[in-house]
Structures are given as structure tokens and as C-alpha cells.
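Protein chains in written order, with this note's numbering: chain A, 1 to 323; chain B, 1001 to 1351. Written out below as C-alpha cells is the structure these notes cover.
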């Protein structure tokens, strides 16, 4: 146990420090490692990001870059018709924005529906509830690379999906080479991977609803559908809102599993904003860190708004659950 | 027996009658189990198939290997085939070598007589078996062992440092009153709003200017000050009674001893939850290591796997086996700690 020895060895040193600086010095000592890392790896980058977004050039070090004002934002937002991405100067950015928007719309609706149904079912008196709760949580633990590769393997030409499809009498499809199917796969796979997490939040909300409400409804012989609309849904409201906004926040940032699954293709049909930032900033031949920074700030603004909504909602949900 | 049935099919409504919601429930649960576990089981089954079998369509559910036989006069065991002869009867023969569209074959019972058989007239003889070399080859031929080592190093170091720094900060924020405490808390909560993808470019330049580019520490350090960790530990430490600390001060314990000898052991359940999460997070990290590590020998498993899977000629038999190995730690966490996690998440709402 070298850790214990280090801790014991530290004690005399820290005693001296405590004698010299008092409790205040110790508070600083306890906070320092965490706050220093926060400062260096979160706060400073946050400030630098704004500066980066106002500079041009291909160099990554700030001292080699030239100030160009709001030019990067102008470049990102320059568009003749915002609905047609090809008329924009940065057509890839707008493709990514449109893809992400479509993705979020469908994935979040699917996610909320599926996890809501699962939570309602897991909230019933069924045998092996703990087991089934774990079943739906299993993919949440898998890494995005593993998730992406598992599904790439299932959706490939000689894969399991084509086995099922041919058994049903249809022709096999190369799923990930088709724009529509690849996009649907990104939606389905990310829902598969994360629904267990949202199910658990909803389940916690369901279990916090006082049982006597249901007993009273049963006494009055209230129909089940009415119980759902008048008791379950209103009381679950705050949790449902948290799930909705959390799914939105994570949906906007979709990257890794979609990237491993499709690589953004075919063409740019599954190119999402985070991948755009990554490619413009690092991967592409003509990289442009300033442009990537500007795009990330625009995405950050959307996320800040969503997070503020979420913090407000989860405070309300906590009050609801504590009741 | 009836009691068992009632237990398994506990349902709405009066006993003995199936409500339609019971049917929906069980269809959903059983279908869900297949959809959630099926893909991983399919991966595991596929990872034991040889390259020839992986290219087949339709795929088989179980992995098969070709049977081989030792034939007198040949050093290596020869692969066996079911050969259809001209008269329509079949016999099992061993292949010596392939020549164009036909193969030179021999009857294992009668090694003297060689026959030429067209490739279309024969079927390999197979039995259920595991192509273990999918697993052993990558350890020898690729840098797989190194990637595994890198991943373990990053995960262990990042988790230890996360536990240490987060618990120190949580201790200060829960057990001391000082000016600016609320401001510090607010700052920590605010960083929840800053996901990695928003600060990708400047974080890269910061890490590069402190000289941590292409170093595993460049992967570890930016991840260890997790706001969720500080939050979780602080909430737990608030429930530890202050009287314990007062009593220790009476006995001339230093503040460090109070932290190390009293608070840390008492916060063990919360530390365990954070440790589990940290292990899963760091083991699974993808985007940040992808950017920081550009030298092959520093890749973590996730990056190495993605690189191999992105090559022009994907060697699926190795990729699948490596994916299974990559999955093992989280599957272990799942099997042994799932109850712990599922209740922990519902309580703290962390991810």
C-alpha cells in the first residue's frame, strides 16, 4: 500500500503547513488540485476559445495566428438561402447543422417514447424486475467504439440484419451505404445505447409517485387510461422534462458512436456538428482551428441555453421526488 | 407449483385472467432482452469464426471450424472435405493442395491414392468449434498488448487521481465555511455546461503548450476534475456528522488526518460509486484520446480498435475478437455491480 505510506509521510509536512497558514491554508490545499485542473483544462480553454474564434490561419499555437475579428462567424453564417446548404459558403457546416437538427428531432422523440414505455413496464409488479432493469441498462456501459463496431458488423453486407431480412423474403441491403438507412441506423443505434439511462431516471420518478393516489383511484374504479393521464403523467412531468432536455443536450453533441458506425457517410449524410468541428479543427487536410472554434462556440451557446433549462427543471424534479 | 406460476405471472386484474397489458409487458420485456443482449452475443459468437466463415452468407449462429485429420506421410494435419463423386455418392477426403479450380485430395484411410477433385464438387466438413487464434494472433502480430496496457494505465491513474482530487475538494466544500465557497460551487456546476466538444481546439493548444501532447498524461489530466464527482462526494460528505471532526480536533488530529483517517473511510460508498463510473468513463473515452494521441504506440484500446476498423481492408476476424476483449471490463462491472449502479444513477442522476 504505497498510497497509505505517502499519506502518512505527507502528514508532518502538512502539519507544518497548517501551523504556518492556519485552517485557511488547509482549505486552499484541499481545493487546489481540483481547481487548478479546472482552471487549466476548462476555464482557460473556454476563454481561449473566444480568442481562437477571432483568429485566422492554419497554425494551432495562438502566437502564430492573426486577429481577424468576427470573420470566422461571418464565414460560417454566410448563406444565400439558409434552407439549402449548398448556397452557403460553409456548406458542410450547414449540412452538419441540418443533419444534427433532424437527428435530434427523431432520436429524442424515439428515446423519450421508448424509455417511457420501458419505465412504465418496469414499474409494474413483475417477476425479475431487477434483472430486466439491468438488461435495458447494459448497452449504456459499452464504449461508443464497441457500440459502433457491433452494429457495423450486424449491418454489413453478410450481417445478421440481412439474414433476418432475407428470411422475411426481402432482398438484402447494404444498410450503411444507403443515405436513408445509414441515418436511421445512427438514430436507432444511439437510442439503443442510451435508452437505459433515461429509463432509470423515469423509473425513479414513477416510484416517487405516492401509492395512495393509485389506491384512491382504484377505490373509485377509475379507468387505467384516466389514471395514466390524470395521475402518472402530471406527477412524472418534471422527470419527463429532465429526460427530454438531457436527451436534447446529448443529442446535439452526437459524435462517437455515429462516427464509428458510419464515419459521417455515405457522403455527408450522417455528418454531425461535433464531427464537423473535429474534422475542420484537426483531421482535414486544410484545417482551420479558428473556424472550428467559432462553430464550437455556436454549438456551446445552444448547449448553455439547454443546460440552464435542465438545471431549472431538475431542481423542480428533485422537489417533486422529495415530496 | 401454482404459487410459482402466480409469482412469475403476477398481473393486473383478477387472478387467473390475462389482461392485455400483461401480454404487452412480456412481449416488451422478452423482445427488449433479445434486442439489448442479442447484438453483444452475436459479436461474441462471430468473434470465434474464422475469416472464411465470416465472409459466408447466410451466416451461421454458432462458430464452426473445419475438421482436420492426420494423414500418414504428411506432417501437418490436412483439412477434410465431403466430396461428391460422379456416381452421386459422397466420401470424406483430405486436401493436400489446391491447383487452380481443382484440388489434389487423398482418402485418409488410403494415403497412397491421390485424386483430383473440382472445387465445386466438395463441401468442407465442419464441427462447432472456436477459432481461438482470432484472440491470440492480435496479441502477437499487432500492438494489441500495448494498447491494452495503455488503456489500463489511463483508466487506473485517472480513476485514482479523480478520487483523490475530487474528494479533497468535496471535503473542503462540505466541512469548512469560508468566503467564496458558494462561488466555487457555482463555478463547478457551471463547468457541467462545458462538454469536451465545445473546447476541443483551445484544450488541444493548452495541452500542447504544457508539453503533454502525445503522452498518456495528456489524456489523463484534463479528465480528472469531474464536476459530477465533486458534486456526488460533497452531497455524501454533508451527511457525515461534524461532531466526529470536532472530536478529532480535540485529540489534536491535523486537518489532513481528519480528511484521510475519518472522512475518506466514511465516504467509501460514494467513493465506490464514483470509482465505478470513472473506470467506465475513462475506459470508454474516445474523442479526446483520438485528438491527443497521434503516435501508434500510445493508442488506447478504443483508438487502436477504431484505427484497425477504419483500414481499407478490414480484418473483421481480429477486430471482432479485440472488440470482445475491449468489452470485458464493462461486462464485469455490469455483472457484479449492476444493482449498485442502477440504484446509484437513479439516486444521483449522473452519467
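Every residue, glycine too, gets a C-beta built ideally from N, C-alpha and C. A quick note: this is a predicted structure, and the numbers were derived from the prediction, not measured.
Residue i, enclosing alpha helix (DSSP H) - first and last residue
i	result
residue 1270 of chain B	1268 to 1284
residue 1071 of chain B	Here residue 1071 of chain B belongs to no alpha helix (DSSP H), and DSSP marks it neither H nor E.
residue 144 of chain A	144 to 155
residue 8 of chain A	2 to 38
residue 243 of chain A	233 to 252
residue 1170 of chain B	1144 to 1175
residue 46 of chain A	44 to 52
residue 1289 of chain B	1287 to 1292
residue 1032 of chain B	1020 to 1047
residue 135 of chain A	129 to 141
residue 113 of chain A	91 to 122
residue 181 of chain A	179 to 207
residue 1198 of chain B	That residue, residue 1198 of chain B, is in no alpha helix (DSSP H); it is neither H nor E in DSSP.
residue 1311 of chain B	Run containing residue 1311 of chain B: none; DSSP gives neither H nor E here.
Endpoints, beta strand (DSSP E) assigned at residue i
i	result
residue 1084 of chain B	1078 to 1084
residue 1112 of chain B	1110 to 1118
residue 1066 of chain B	1064 to 1066
residue 1095 of chain B	1090 to 1099
residue 1103 of chain B	1102 to 1107
residue 1241 of chain B	It is not in any beta strand (DSSP E) - residue 1241 of chain B carries neither H nor E in the DSSP assignment.
residue 1126 of chain B	1126 to 1128
Inter-residue spacing [alpha-carbon to alpha-carbon] between residue i and residue j
i	j	result
residue 1121 of chain B	residue 1135 of chain B	33 Å
residue 290 of chain A	residue 54 of chain A	7 Å
residue 84 of chain A	residue 76 of chain A	14 Å
residue 214 of chain A	residue 231 of chain A	8 Å
residue 1270 of chain B	residue 104 of chain A	33 Å
residue 1250 of chain B	residue 250 of chain A	49 Å
residue 1308 of chain B	residue 311 of chain A	40 Å
residue 1012 of chain B	residue 124 of chain A	Confidence in residue 1012 of chain B is poor, its pLDDT being 48 and thus under 50, which makes the residue's placement unreliable; the coordinate value appears in the next sentence. Spanning the two alpha carbons is a distance of roughly 9 Å.
residue 146 of chain A	residue 1323 of chain B	6 Å
residue 96 of chain A	residue 252 of chain A	11 Å
residue 306 of chain A	residue 277 of chain A	20 Å
residue 1293 of chain B	residue 1155 of chain B	15 Å
residue 234 of chain A	residue 316 of chain A	13 Å
residue 1023 of chain B	residue 1206 of chain B	57 Å
residue 154 of chain A	residue 1039 of chain B	7 Å
residue 1088 of chain B	residue 1077 of chain B	27 Å
residue 1049 of chain B	residue 1070 of chain B	22 Å
residue 20 of chain A	residue 1189 of chain B	32 Å
residue 1316 of chain B	residue 152 of chain A	11 Å
residue 1092 of chain B	residue 1125 of chain B	8 Å
residue 941 of chain B	residue 1172 of chain B	No information on residue 941 of chain B is available, as it lies outside the stretch 1001 to 1351 that chain B covers here.
residue 1231 of chain B	residue 1238 of chain B	11 Å
Nearest-angstrom Cβ-Cβ length linking residue i and residue j, presumed shorter than 8 Å
i	j	result
residue 202 of chain A	residue 243 of chain A	6 Å
residue 1254 of chain B	residue 14 of chain A	6 Å
residue 1334 of chain B	residue 136 of chain A	With 8 Å as the limit, residue 1334 of chain B and residue 136 of chain A do not qualify as a contact, their Cβ atoms being about 12 Å apart.
residue 143 of chain A	residue 1283 of chain B	7 Å
residue 293 of chain A	residue 52 of chain A	4 Å
residue 1059 of chain B	residue 163 of chain A	6 Å
residue 1118 of chain B	residue 1096 of chain B	Actually they do not touch by this definition, with Cβ atoms about 15 Å apart.
residue 1297 of chain B	residue 1137 of chain B	The Cβ separation is near 19 Å, so there is no contact.
residue 1151 of chain B	residue 1320 of chain B	Residue 1151 of chain B to residue 1320 of chain B, Cβ: 18 Å. No contact.
residue 1198 of chain B	residue 303 of chain A	7 Å
residue 334 of chain A	residue 140 of chain A	Absent from the model: residue 334 of chain A. The displayed extent of chain A is 1 to 323, so no value can be given.
residue 1261 of chain B	residue 1170 of chain B	The Cβ separation is near 16 Å, so there is no contact.
residue 313 of chain A	residue 238 of chain A	6 Å
residue 1068 of chain B	residue 1079 of chain B	5 Å
Heavy atom of the ligand ATP within 7 Å of residue i beta-carbon
i	result
residue 1073 of chain B	As for the ligand ATP, it is missing from this structure, which has no ligand bound.
Determine contact between the segment 263 to 276 of chain A and the segment 1152 to 1160 of chain B, defined as no fewer than three beta-carbon pairs at a distance below 8 Å. no
So if I threshold CB-CB distances at 7 Å, which residues from the segment 1046 to 1061 of chain B count as touching chain A? 1046, 1055, 1056, 1057, 1058 and 1059
For the segment 1242 to 1260 of chain B, list every residue whose C-beta sits within 9 Å of some C-beta in chain A, in sequence order. 1254, 1255, 1256, 1257, 1259 and 1260
At a Cβ cut of 9 Å, what residues of the segment 1196 to 1208 of chain B count as close to chain A, listed as they run along the chain? 1196, 1197, 1198, 1199, 1200, 1201, 1202, 1203, 1204, 1205, 1206, 1207 and 1208
Can you give me, in chain order, the residues of the segment 37 to 54 of chain A that have a beta carbon less than 7 Å from any beta carbon in chain B? 37, 38, 40, 41, 42, 44, 45, 46, 48, 49 and 52
Residues of the segment 128 to 139 of chain A with a CB closer than 7 Å to any CB of chain B: list them in chain order, please. 130, 132, 133, 134, 135, 136, 137, 138 and 139
Are the segment 55 to 67 of chain A and the segment 1185 to 1199 of chain B touching by the rule of at least three beta carbon pairs closer than 8 Å? no
Taking contact to mean at least 3 C-beta pairs separated by less than 8 Å, is the segment 1103 to 1111 of chain B in contact with the segment 1075 to 1093 of chain B? yes
May I ask you to verify whether the segment 102 to 121 of chain A touches the segment 1314 to 1333 of chain B, counting CB pairs closer than 8 Å and requiring at least 3? no
Can you confirm whether the segment 99 to 115 of chain A touches the segment 182 to 190 of chain A when touching is taken to mean that 3 or more C-beta pairs between the two stretches lie within less than 8 Å? yes
For the structure I just gave you, are there three or more beta carbon pairs, one from the segment 1041 to 1060 of chain B and one from the segment 147 to 163 of chain A, closer than 8 Å? yes
According to a CB-to-CB cut-off of less than 8 Å, which residues of the segment 1085 to 1104 of chain B neighbour chain A? none
Chain A contacts from the segment 1166 to 1195 of chain B (Cβ-Cβ distance under 8 Å): 1166, 1168, 1169, 1171, 1172, 1173, 1176, 1178, 1184, 1187, 1188, 1189, 1191, 1192, 1193, 1194 and 1195
So, does the segment 1211 to 1220 of chain B touch the segment 1173 to 1189 of chain B, judging by three or more C-beta pairs under 8 Å? no
Which residues of the segment 210 to 233 of chain A have a Cβ closer than 7 Å to any Cβ of chain B? Give them in chain order. none
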